[in-house]
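Student:
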Amino acid sequence: MTQIVIDKKKYILVPEKDYQLLQKKAALKTKPEKLLSVEEARAYSKKLIRKWASEK
98 MTQIVIDKKK YILVPEKDYQ LLQKKAALKT KPEKLLSVEE ARAYSKKLIR KWASEK
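When you read off a place in the sequence shown, starting at 1, and then add 97, the result is the number in this note's numbering.
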């Protein structure tokens with residue numbers, strides 16, 4: 098790990114392997130988005146279409 102300073106900002110350089118491990122850990126900590134049922138998805142898309150159509 099190497100630390101460099103550019104324009105008074107500190108940056109840290111890490112090997113690519115370590116970076117990929119950090120990304121994987123971060124991805125596991127995020128909560129997945131809620132999936133909608135078919136009926137909910139249809140109702141939501143209709144709502145968005147009506148909103149879009151009324152703006153035109």
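Every residue gets a Cβ at the ideal spot worked out from N, C-alpha and C, and that includes glycine. Model, not experiment: these values are computed from the prediction.
Only counting the same chain, and skipping five residues up and downstream in sequence, which positions put a Cβ closer than 8 Å to that of LEU110?
Tutor: Stepping through the sequence shown from its first residue, residue 110 is reached at position 13. Cβ neighbours of LEU110 within its own chain (closer than 8 Å, five residues either side excluded): MET98, THR99, GLN100, ILE101.
Student: DSSP three-state label for VAL111, please.
Tutor: As a working mapping, residue 111 is identified with position 14 in the sequence shown. In the structure shown, VAL111 sits in coil (DSSP, three-state: anything other than H, G, I, E or B).
Student: Measuring only the C-alpha atoms, how far is PRO129 from TRP149?
Tutor: Counting from one through the sequence shown, the residue named residue 129 turns up at place 32. Counting from one through the sequence shown, the residue named residue 149 turns up at place 52. Their backbone Cα atoms lie some 27 Å apart in a straight line.
Student: Return the bridge partner residues of THR99 from the DSSP annotation.
Tutor: The residue given as residue 99 occupies position 2 in the sequence shown. LEU110, per the DSSP bridge assignment.
Student: Quick one: Cα of LYS106 to Cα of LYS131, how far?
Tutor: As a first step, residue 106 must be located in the sequence shown, where it is residue number 9. As a first step, residue 131 must be located in the sequence shown, where it is residue number 34. One C-alpha to the other measures close to 37 Å.
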